[in-house]
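Position 363 (the sequence shown) corresponds to 792 in this note's numbering; numbering is contiguous. Report on one structure; see the data block that follows.
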Amino acid sequence: MTTPSHFDFIIIGSGLAGLQLALKLASETCFEYKTIALIDPSDKSTNDKTWSFWETEPSQWNAITHKSWNKASVITSNKITHLNLSPYSYKTIRAIDFYTEAKTQLNHRDNIYFIKEQVTSVLEDEHVTVATNKDSYTATHVFDSRVPKAFSTEEKNSISIIQHFKGWIIKTENDVFDKNKVIMMDYRLKDGNQTTFTYVLPFSKTEALVEFTYFTEHTVEESVYDNYIKTYIKDYLKIDTYSILETEAGQIPMTNYNFERFNTEKITKIGTGGGWVKGSTGYSFKHTEKKVAKIIDNLKANSLPSEGLFQRKYKFYDKVFLKVLKDENHKGEWIFENFYAKNAPQTMFRFLDEESSFKEEFKIMMSLFSWSFIKAFFKTL
Numbered sequence: 430m431t432t433p434s435h436f437d438f439i440i441i442g443s444g445l446a447g448l449q450l451a452l453k454l455a456s457e458t459c460f461e462y463k464t465i466a467l468i469d470p471s472d473k474s475t476n477d478k479t480w481s482f483w484e485t486e487p488s489q490w491n492a493i494t495h496k497s498w499n500k501a502s503v504i505t506s507n508k509i510t511h512l513n514l515s516p517y518s519y520k521t522i523r524a525i526d527f528y529t530e531a532k533t534q535l536n537h538r539d540n541i542y543f544i545k546e547q548v549t550s551v552l553e554d555e556h557v558t559v560a561t562n563k564d565s566y567t568a569t570h571v572f573d574s575r576v577p578k579a580f581s582t583e584e585k586n587s588i589s590i591i592q593h594f595k596g597w598i599i600k601t602e603n604d605v606f607d608k609n610k611v612i613m614m615d616y617r618l619k620d621g622n623q624t625t626f627t628y629v630l631p632f633s634k635t636e637a638l639v640e641f642t643y644f645t646e647h648t649v650e651e652s653v654y655d656n657y658i659k660t661y662i663k664d665y666l667k668i669d670t671y672s673i674l675e676t677e678a679g680q681i682p683m684t685n686y687n688f689e690r691f692n693t694e695k696i697t698k699i700g701t702g703g704g705w706v707k708g709s710t711g712y713s714f715k716h717t718e719k720k721v722a723k724i725i726d727n728l729k730a731n732s733l734p735s736e737g738l739f740q741r742k743y744k745f746y747d748k749v750f751l752k753v754l755k756d757e758n759h760k761g762e763w764i765f766e767n768f769y770a771k772n773a774p775q776t777m778f779r780f781l782d783e784e785s786s787f788k789e790e791f792k793i794m795m796s797l798f799s800w801s802f803i804k805a806f807f808k809t810l
């Protein structure tokens with residue numbers, strides 16, 4: 430079909446946020462006659478990441494869930510905390526499965542267009558003009574997932590660290606993994622006096638994702654991740670013979686930077702570019718789902734799409750957490766040990782999902798009561 434030059438909605442970026450938003454728009458009958466374009470230079474045909482999250486049943490993502498677990502463990506230098514997650518399940522989705530399913534559903538819609546081009550500029554006037562490396566389009570409203578250029582220059586004015594990681598999917602000759610339990614964090618292997626941990630997702634008794642992760646201000650050379658993954662597999666998993674099936678790597682900003690100030694009447698920032706990544710953990714999958722649902726509600730109510738996307742108290746909690754990690758990065762192991770050892774995982778999940786009660790939040794804060802948090806609390810007021 431011929432691609433029009435004007436759309437009701439243009440979504441810049443067909444990643445997690447862009448595709449979730451397009452899927453939700455497509456599922457609502459009130460938008461069935463709205464024209465929607467997704468503009469991205471990639472056709473999203475490779476498995477470039479893995480998303481993990483927790484949720485209760487039923488779920489719209491069941492058909493593409495790669496694996497789920499009802500048990501987990503958090504391992505520190507001092508103890509092992511075993512977690513029974515029910516009624517939650519911890520799940521993982523391969524990006525390629527999400528991309529394929531989303532594109533399959535959306536390609537059946539006559540009002541949705543995929544444009545494989547690179548956006549070069551966005552100009553807001555009577556309509557919003559989106560220029561690309563090949564053409565130019567207009568829209569009544571634009572949803573833009575690109576991280577604002579100002580973040581790279583102004584990031585020092587906020588509290589920011591980076592969650593950066595590399596993972597290997599390995600296959601072993603013998604049964605070595607407990608396929609029913611995920612290792613959410615293992616802090617025993619460290620890179621100096623920094624917050625680092627290993628993450629293990631067992632897909633079967635012989636196959637797992639082993640990932641080494643940092644919560645730090647600076648990244649490291651790729652070989653550093655590789656060396657720590659090798660060491661963990663050999664010394665902690667006690668595996669000598671294995672093959673590497675796939676690798677993945679990434680960087681996720683953990684920040685209290687004010688992305689909201691880039692929202693306007695006709696342009697809404699979404700995804701990482703909208704500050705949708707949870708500042709204290711880097712989680713994004715379920716937060717994206719919730720924020721997309723809020724945008725849809727706002728559109729139905731003829732409100733600004735960006736209205737009410739964030740709750741102030743959780744932004745404050747994230748800010749305190751980030752302040753401790755930035756000023757005393759070695760505290761990460763202590764923080765997460767107390768998070769999960771002194772609170773039920775169900776309480777923690779509600780807190781991280783921003784659905785907790787004040788009583789639960791107070792209990793969590795008391796479990797982290799220390800001079801570090803007292804200082805961070807007053808510094809962030």
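Where is the CB? At the ideal position from N, CA and C, for every residue including glycine. Predicted model, so just to flag it, every value in this text is computed and none were measured.
(1) Write down every uninterrupted run of the alpha helix (DSSP H) in the segment 498–568 whose length is 4 residues or greater and which is fully enclosed by it, in chain order.
(2) For residue 637, which residues does DSSP report across the bridge?
(3) What residue ranges within the segment 751–782 form continuous beta strand (DSSP E) runs of no fewer than 3 residues, ordered along the chain?
(4) Which residues share a DSSP beta bridge with residue 467?
(5) Would you mind sorting residue 553 into buried or exposed? The rule is 16 or more other CB atoms within 10 Å of its CB.
(6) Nearest to residue 598 by CA position, among 559, 653, 672, is which residue?
(7) Report yes or no: do three or more beta-carbon pairs, one from the segment 468–477 and one from the segment 612–632, lie closer than 8 Å?
(8) Here's a check: name, in chain order, each residue in its chain whose Cβ is nearer than 7 Å to the Cβ of residue 607, leaving out the five neighbours to either side.
(9) Please give me, in chain order, every unbroken run of the alpha helix (DSSP H) with length at least 4 that falls completely inside the segment 702–741.
(10) Are the segment 687–700 and the segment 603–623 in contact at 8 Å, needing three or more beta carbon pairs?
(11) Check each candidate in 693, 749, 453 and name the one with the smallest Cα separation from residue 723.
(12) Would a C-beta distance cut-off of 9 Å place residue 534 and residue 718 closer than the cut-off?
(13) Do residue 593 and residue 639 have their CB atoms nearer than 9 Å?
(14) Can you give me the start and stop residues for the alpha helix (DSSP H) that residue 489 sits inside?
(15) Taking the straight line between their C-alpha atoms, what separation do you get for residue 589 and residue 582?
(16) Since residue 778 contacts residue 498 with CB under 8 Å, what's their CB separation in whole angstroms?
(17) Whole angstroms is fine: what's the gap from residue 730's alpha carbon to residue 463's?
(18) In this structure, how does DSSP classify residue 626 when only helix, strand and coil are distinguished?
(19) Of the residues 690, 517, 489, 546, which one's Cα is nearest the Cα of residue 527?
(20) Identify whether residue 608 lies in helix, strand or coil by the three-state DSSP scheme.
(21) Less than 8 Å between the CB atoms is what I'm expecting for residue 781 and residue 710, so what's the real figure, rounded?
(22) Applying the 10 Å Cβ sphere with the 16-neighbour rule, what's the burial state of residue 447?
(23) In terms of residues, what are the limits of the alpha helix (DSSP H) holding residue 672?
(24) Round the Cβ separation of residue 712 and residue 512 to the nearest angstrom and send it over; I've been treating them as touching at under 8 Å.
(25) How far does the beta strand (DSSP E) with residue 697 in it reach, from first residue to last?
(26) Just checking my contact of residue 696 with residue 551 at CB under 8 Å: how many whole Å lie between their CB atoms?
(27) Taking the beta carbon of residue 509 as the centre, do at least 16 other beta carbons fall within 10 Å, making it buried, or is it exposed?
(28) Which value, in whole angstroms, describes the spacing of the CA atoms of residue 708 and residue 682?
Working from what's here:
(1) 524–535
(2) 599, 631
(3) none
(4) 440, 543
(5) exposed
(6) 672
(7) no
(8) 631
(9) 714–729
(10) no
(11) 453
(12) no
(13) no
(14) Careful: residue 489 lies outside any alpha helix (DSSP H) and carries neither H nor E.
(15) 12 Å
(16) Actually they are not in contact, since the Cβ atoms of residue 778 and residue 498 sit about 13 Å apart, beyond 8 Å.
(17) 16 Å
(18) strand
(19) 489
(20) coil
(21) 6 Å
(22) buried
(23) Here residue 672 belongs to no alpha helix (DSSP H); instead the beta strand (DSSP E) covers 671–684.
(24) Wrong, their Cβ atoms sit about 16 Å apart, outside the cutoff.
(25) 696–698
(26) 7 Å
(27) exposed
(28) 8 Å
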